[in-house]
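Heads up, the sequence shown is in my numbering, so the first residue is 58 and it goes up one at a time. Heads up, the beta-carbon is just placed ideally off N, CA and C, and yes, glycines get one too. Inspection log for the structure reproduced underneath, given as structure tokens.
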Amino acid sequence: MRLLPLLAGSMLLALAGSASAETITVATVNNGDMIRMQKLTDDFTTKNPDIKVEWVTLEENVLRQRVTTDIATKGGQYDVLTIGTYEVPIWAKQGWLLPLDNLGADYDVNDLLPAIRNGLSMDGKLYAAPFYGESSMVMYRKDLMEKAGLTMPDAPTWDFIRQAADKMTDKAAGISGICLRGKAGWGENMAFLTAMSNSFGARWFDESWKPQFDQPEWKDTLQFYVDMMNADGPQGASSNGFNENLALFQQGKCGMWIDATVAASFVTGKDSTVADKVGFALAPDKGLGKRGNWLWAWSLAIPAGSQKAASAEKFISWATDKAYLELVASKEGWANVPPGTRTSLYNNPQYQAAAPFAKMTLDSINAADPTHPTVKPVPYVGVQFVAIPEFQGIGTTVGQLFSAALAGQMSVDDALKQAQDVTTREMTKAGYIK
58 MRLLPLLAGS MLLALAGSAS AETITVATVN NGDMIRMQKL TDDFTTKNPD
108 IKVEWVTLEE NVLRQRVTTD IATKGGQYDV LTIGTYEVPI WAKQGWLLPL
158 DNLGADYDVN DLLPAIRNGL SMDGKLYAAP FYGESSMVMY RKDLMEKAGL
208 TMPDAPTWDF IRQAADKMTD KAAGISGICL RGKAGWGENM AFLTAMSNSF
258 GARWFDESWK PQFDQPEWKD TLQFYVDMMN ADGPQGASSN GFNENLALFQ
308 QGKCGMWIDA TVAASFVTGK DSTVADKVGF ALAPDKGLGK RGNWLWAWSL
358 AIPAGSQKAA SAEKFISWAT DKAYLELVAS KEGWANVPPG TRTSLYNNPQ
408 YQAAAPFAKM TLDSINAADP THPTVKPVPY VGVQFVAIPE FQGIGTTVGQ
458 LFSAALAGQM SVDDALKQAQ DVTTREMTKA GYIK
């Protein structure tokens, strides 16, 4: 008759174990790879029963705003932050992030792609671990390209892209020749337009930090973009960001889409109606020596104010190590593992066979040079952003102006003039311009 005491004891032990579990809060973006990570959390908690995970999953612009506000005010809402290559070195320098120096013996930091790892480090220390890395490239419908009587080069020019967009547009069939980001945000439309402007010979600032929106290279960039999108882009393009354009492409409504290389597995995956018709090419150029591709990593970091740093670092190690890639491969296939972070992935024959976009992705990542992003010299680092704290606010304001120009709410000239004025004002206030 000792069963009841034994059962009661077991229940007490279980409750005690549950009560002692530490809960960490992970803030992340609502991109496909992160949603998949959330679904696989049981693998982490099974291996770490003393840790529970709560998720806050947000749209990209909202995530950036909330995470930035929380870390700047030391709010302490989150233990793991999903942040990008822009924030990591700036926040590390300000002492807002903890270094990741206890990721475990099996983690293999040296396997991280140098271009990605360097952007997440300061003074040789890693301050964020890359969940996936990306550049940008052209994704296109091979069948529509053939129907238009054209052949996509591996390294196209912007003039070819414009020609192809015109020929592939079929408004009666609901097909836009090209889909590009138009949603306002420094990491939305301005990520695309800044990278595009580099290939047109434009730059945000000259060597004295004077804004350059009054120069002809920016006029050429923005006018080309607005004209092409008005002629061959989807309706409501000024509201479309990464996720909206992904959905359009998957539904067969885009002839071409120039965006993040990470999208490749989604446009060729089970949710895509055109999966077997997609080709890939490098981001376009204007013959000036720079292509319109960027360099980015969505990464996991620990805010300095977290009281649960050890548990947070265990989670980051789980989500970004080689074993996680194998876990995703076992569930979803090798083509769907988070790309762009590890050399070993691109040397893996299984991945090479499963992912026709692997080489183009790696070539695009390696081609981006954050230290020399533009044709003319600049005082800043960053390909699709300017790595200064003020850029987040300025970039979002300029993004709103350029989105309004795309929507026809103002002219290209007015958008550029206002961009020049607001950027000059903010940079003078911040002390960059004397």
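Item, Value
"Just the C-alpha distance for residue 491 and residue 265, rounded to the nearest angstrom, thanks.", "9 Å"
"Could you give the uninterrupted runs of the alpha helix (DSSP H) lying entirely in the segment 94-175, keeping only those of 4 residues or more?", "98-104, 117-129 and 144-150"
"How is residue 83 classed by DSSP in three states: helix, strand or coil?", "strand"
"Which residues does DSSP pair with residue 198 in a beta bridge?", "335"
"Leaving out five residues before and five after residue 156 in sequence, what residues of the same chain have Cβ atoms less than 6 Å from its Cβ?", "182 and 184"
"If we define contact as Cβ-Cβ less than 7 Å, is residue 436 a contact residue for chain D?", "Absent here is chain D; the protein component of the structure consists of one chain."
"Rounded to a whole number of angstroms, what is the C-alpha to C-alpha distance between residue 480 and residue 320?", "32 Å"
"To test your reading of the DSSP string, which unbroken alpha helix (DSSP H) runs of 4 or more residues are found completely within the segment 381-426?", "400-403, 406-411 and 415-424"
"Let me check understanding here. Comparing Cα to Cα, which of 171, 202 and 205 lies closest to residue 190?", "171"
"Is the segment 212-230 close to the segment 428-440, with three or more CB pairs under 8 Å?", "no"
"If you scan the segment 226-275 from start to end, which runs of the alpha helix (DSSP H) of 4 or more residues do you find wholly inside it?", "246-256"
"So, using beta-carbon positions, are residue 188 and residue 400 closer together than 7 Å?", "no"
"Could you pull the start and end residues of the beta strand (DSSP E) that residue 314 belongs to?", "311-317"
"Give the DSSP-derived three-state secondary structure of residue 450 in the structure shown.", "helix"
"Can you tell me which of the three DSSP states residue 377 falls into?", "helix"
"Report the option in 214, 209 and 240 whose CA atom is closest to the CA atom of residue 225.", "209"
"Residue 236 and residue 300 look like a contact to me (Cβ under 8 Å); what is the Cβ gap, rounded to whole Å?", "Contact doesn't hold; Cβ gap of about 12 Å is too wide."
"Can the beta-carbon of residue 82 be found closer than 7 Å to that of residue 164?", "no"
"On the DSSP letters alone, give me the boundaries of the beta strand (DSSP E) that residue 322 sits inside.", "From DSSP, residue 322 is part of no beta strand (DSSP E) but of the alpha helix (DSSP H) over 321-324."
"Our contact map puts residue 197 next to residue 313 with C-beta atoms below 8 Å; I'd like the distance itself, whole angstroms only.", "4 Å"
"Between the Cα of residue 161 and those of 125, 369, 385 and 386, spot the shortest distance and give me the residue it belongs to.", "369"
"Report the option in 246, 302 and 259 whose CA atom is closest to the CA atom of residue 283.", "246"
"If I'm right that residue 89 touches residue 323 with Cβ under 8 Å, what's the distance once you round it to whole angstroms?", "6 Å"
"Out of curiosity, what's the CA-to-CA distance linking residue 349 and residue 472?", "21 Å"
"Identify whether residue 330 lies in helix, strand or coil by the three-state DSSP scheme.", "coil"
"Express the C-alpha separation of residue 257 and residue 346 in angstroms, rounding to a whole number.", "10 Å"
"Assuming contact is defined by CB atoms lying nearer than 7 Å, are residue 241 and residue 460 in contact in what I supplied?", "yes"
"Between 271, 389 and 463, which lies nearest to residue 474 when the distance is taken from Cα to Cα?", "271"
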